[in-house]
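Please read the structure below before turning to the comments.
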Amino acid sequence: MIARASQLFLPTLRNAPAEAEAANHKLLVRGGFIRQVSAGIWSFTPLGWLVHRKIEQIIREELAAIGAQEWFAPVLTPVELWQATGRDKIPVIIHVTDGQGREFVLPMTHEETFTFHARELQSYRQLPQAWYHFQTKMRDEPRPKGGLIRLREFVMKDSYSFDRDADGLDASFERHRGAYKRIFERMGIEAYDVEAESGIMGGSASFDFLAPAESGENTLITCENGDFAADIEVARTVPRPPELPARLDALEEVETPGAATIDDLARFLSIDATATSKAMPVVKDDGTLVLGLLRGDDRLEEMKMVDALGSGYRPATEDEIRAAFGADPGSLGPVGYDGEVVADEALREGQFVAGANRTGWHLRGVEAGRDFQPRFADLRQSKEGDTCPHCGGALRFETAIEVGHIFKLETKYSAQLGATFVDEDDAERPLVMGSYGIGLARVMASAVEQHHDEHGIVWPEAIAPYDVHVVSLSGAEDIAQRAAVRMDERGYSVLLDDRDSRPGEKFADADLIGAPVRVTAGKKSLDDGAVDVRDRATGAERRVPVEEI
RNA sequence: CGGGACGUGGCGCAGCCUGGUAGCGCACUCGCUUUGGGAGCGAGGGGUCGCCAGUUCGAAUCUGGCCGUCCCGACCA
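The opening residue of the first sequence carries number 634 in the numbering used here; numbering runs sequentially from there.
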């Protein structure tokens, strides 16, 4: 089909709105793909919806290829279904009440609804099943941001797999993981599947798909040799080896007046920060005080601490610290402390300087196992300078957008909602479930973040709103028309800019809108009976006779 | 929820400090000229200055409250 720009709503802008900061935000608004209605709430214009639908169709095709079946499940969901799983209490869930006082939830994902339907699965003979739909999701985001990156309302593709056992789930999970890789590859989006936190979804394992992008909210770590990729929250990378002074046979007290920070301490003792340790007393949800211990140059990764403690926590107050250690913060250490000590793996080998639990004093030569008995855990946050745990290669740290997340839910939802089946041995068992999401708007944002230049968007072919953008300049309308028809007949989607405006304006809009190929018909090419075909990505242009395009 | 910034026509901005009847660029309408990277001339249209109160003869401008949007943090399938 040939779309005529003169008849379309194509609201391109010369300037981005002042509040736009992220590349996807600026360019999608300027290019006329999206318009904001409220914070985190956007309309897709006809142009933007073309892209959204292309993304949707690629996802649909790849899910069909693994045998998943498309549904359409409602947004309005009786609250009782969510009370059964306890998720009605999640703060970001939006609740509504109808005119008769009935309560509903506007879901952020559809585990409850699909598990409700899965009650109709009766026998292992019907398994496995994989169901999905595209539906609007709602989240009461406290802080929407970054254009399409963090939204209060957005379309998600969410799938749910139902298996009879863990092996079945593993297979379903891997099928989805493979489909996701193909989806992002087809869309021209660089994305990595990395281990992730399961958060409030629960379940036994989960993987994020992270697309490197400047305005992303996650930090992705990748190895230069391509054998490692992880989210910083769970990454276990190799820290720089410590520079330790000569070993001591026994502890040695040293006065360190006024040395309250690791920097002070290292300078005062003329040692490297890697030869020190850092004490982080925290209080668990149950009120227990635990001493976290890190190497001096490391920072605590809070998600890891939660995992290590098996509980939420908060930093201890100064009063609690004095009561437990008898010293001020800044002179705390594990030696002589009678509570639990959780030490980072980096402190397993070697001797470090630690606080002496006596204000203004430290201990040299502190050695785990000899001077204190810690439980070891991975607590440190990966940082620049760490090396790859597989090959020792250099690591790259970059921000990334979470475009997909896949979970092994096991039987969490099926057990709570009574979705059971009868197995081969006549036993009734809960379905073993997985759930798999992709945020379409985030995919669109990622594509723009990864593919743009100073002039506008450079859409990957598979999700471009149009395949070809024909610029019709005055005097060459006929040849432009012929070129458009020819492209159309060859199966390309064509945007024909037949508006009565100046060449510069048309070129600027073509760059902004970002179709992969631009075809210009104007006086220059007219004499040759030709058009100029330009590649949006490279800018390479060549003159081609109309009959040959 | 804490910190910061901003709110003046569709978009970008000035005016506010020092109160006096709202302006610029782009866009829009009409006419003429122009046409390979955001044209020129002429004539026009469009704004409760976020909202509410207060001070004042008079408020876009000063004061108070509220709302909205963006950024940082908290939070985050």
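Beta carbons are placed, not taken as given, at the ideal position from N, Cα and C, and that holds for glycine.
Own chain, CB closer than 7 Å to residue i, minus 5 neighbours either side, in chain order
i, result
"V1177", "A1163, V1164, V1166"
"F749", "L714, L1050"
"A824", "F817, F842, L843, A844, V1036"
"D1121", "M634, I635, V1127"
"R869", "D1011, P1022"
"P777", "A672, G673, R783, L784, R785"
"F1140", "V1104"
"S1079", "I822, A844, A846, I1034, V1036"
Residue burial classification, residue i (beta-carbon count within 10 angstroms, cutoff 16)
i, result
"A698", "exposed"
"R783", "buried"
"A755", "Before going further, note that residue 755 is Gln rather than Ala in the sequence given. So Q755 counts as exposed."
"C1021", "buried"
"D930", "buried"
"L942", "buried"
"I1039", "buried"
"M634", "exposed"
"F747", "buried"
"L980", "buried"
"T950", "exposed"
Length of the line joining the Cα atoms of residue i and residue j
i, j, result
"R772", "I723", "10 Å"
"P650", "A636", "27 Å"
"R955", "A1074", "51 Å"
"T992", "E828", "42 Å"
"S805", "P761", "8 Å"
"D1058", "H809", "28 Å"
"Y1069", "G1037", "8 Å"
"G972", "V916", "11 Å"
"G1213", "V939", "Nothing in the structure corresponds to residue 1213, since the chain is present only between 634 and 1182."
"R873", "A989", "26 Å"
"T574", "V975", "Lying before the first or after the last residue shown, residue 574 is absent from the chain, which here runs from 634 to 1182."
"I822", "E695", "15 Å"
"D860", "E1180", "48 Å"
"Y970", "G1002", "14 Å"
"A1027", "E857", "6 Å"
"I691", "K814", "12 Å"
"W682", "N648", "22 Å"
"S671", "K770", "16 Å"
"E745", "E786", "19 Å"
"V708", "H728", "11 Å"
"K687", "A1095", "7 Å"
"M789", "T852", "22 Å"
"T855", "S639", "46 Å"
"R758", "A1060", "13 Å"
"I726", "G719", "11 Å"
"F642", "W764", "36 Å"
"R947", "E934", "13 Å"
"P878", "E982", "13 Å"
"G732", "V712", "15 Å"
"E953", "P914", "9 Å"
Same chain only: Cβ atoms within 6 Å of residue i, ignoring 5 sequence neighbours per side
i, result
"Y1125", "D1100, V1101"
"A1200", "Nothing about residue 1200 can be read from this structure; the chain reaches only from 634 to 1182."
"A838", "K1041"
"H995", "V887, T889, V986, G988, A989"
Start and end residues, alpha helix (DSSP H) containing residue i
i, result
"P890", "Per DSSP, P890 belongs to no alpha helix (DSSP H) and is neither H nor E."
"Y813", "799-819"
"F747", "744-751"
"I1071", "I1071 -> not in any alpha helix (DSSP H); beta strand (DSSP E) instead, spanning 1065-1072."
"Q716", "712-716"
Own chain, CB closer than 8 Å to residue i, minus 5 neighbours either side, in chain order
i, result
"V999", "L884, S910, G966, P967, V968, Q984, F985, V986, A987, F1005"
"L802", "S794, D796, K1041, E1043, V1065, M1066, G1067"
"A1214", "This structure cannot settle anything about residue 1214, because the visible part of the chain is limited to 634 through 1182."
"G891", "D897, G993"
Where the beta strand (DSSP E) through residue i begins and ends
i, result
"D864", "862-864"
"D918", "Per DSSP, D918 belongs to no beta strand (DSSP E) and is neither H nor E."
"V788", "786-796"
"S1047", "Run containing S1047: none in the beta strand (DSSP E); it sits in the alpha helix (DSSP H), 1045-1050."
"L996", "994-1000"
"K770", "762-771"
"N851", "851-856"
"W675", "674-677"
"E828", "825-828"
The ligand ADP heavy atom lying under 6 Å from the CB of residue i
i, result
"A868", "Ligands displayed in this structure: none; no statement on the ligand ADP is therefore possible."
- the region 730-739 / the region 657-668 touching (three or more Cβ pairs under 8 Å): No, because fewer than three Cβ pairs between the region 730-739 and the region 657-668 fall closer than 8 Å, the two stretches do not touch.
- Query: Between the region 848-863 and the region 1028-1047, do at least 3 Cβ pairs fall closer than 8 Å?
  - Reply: Contact between the region 848-863 and the region 1028-1047 is present, because at least three Cβ pairs lie under 8 Å.
- Message: Closer than 8 Å is the cut-off here; do at least three beta carbon pairs connect the region 1006-1023 with the region 893-911?
- Response: These segments do not touch.
- Query: Are the region 1132-1151 and the region 1080-1094 touching, with three or more C-beta to C-beta distances below 8 Å?
  - Reply: With three or more CB-CB distances shorter than 8 Å, the region 1132-1151 counts as touching the region 1080-1094.
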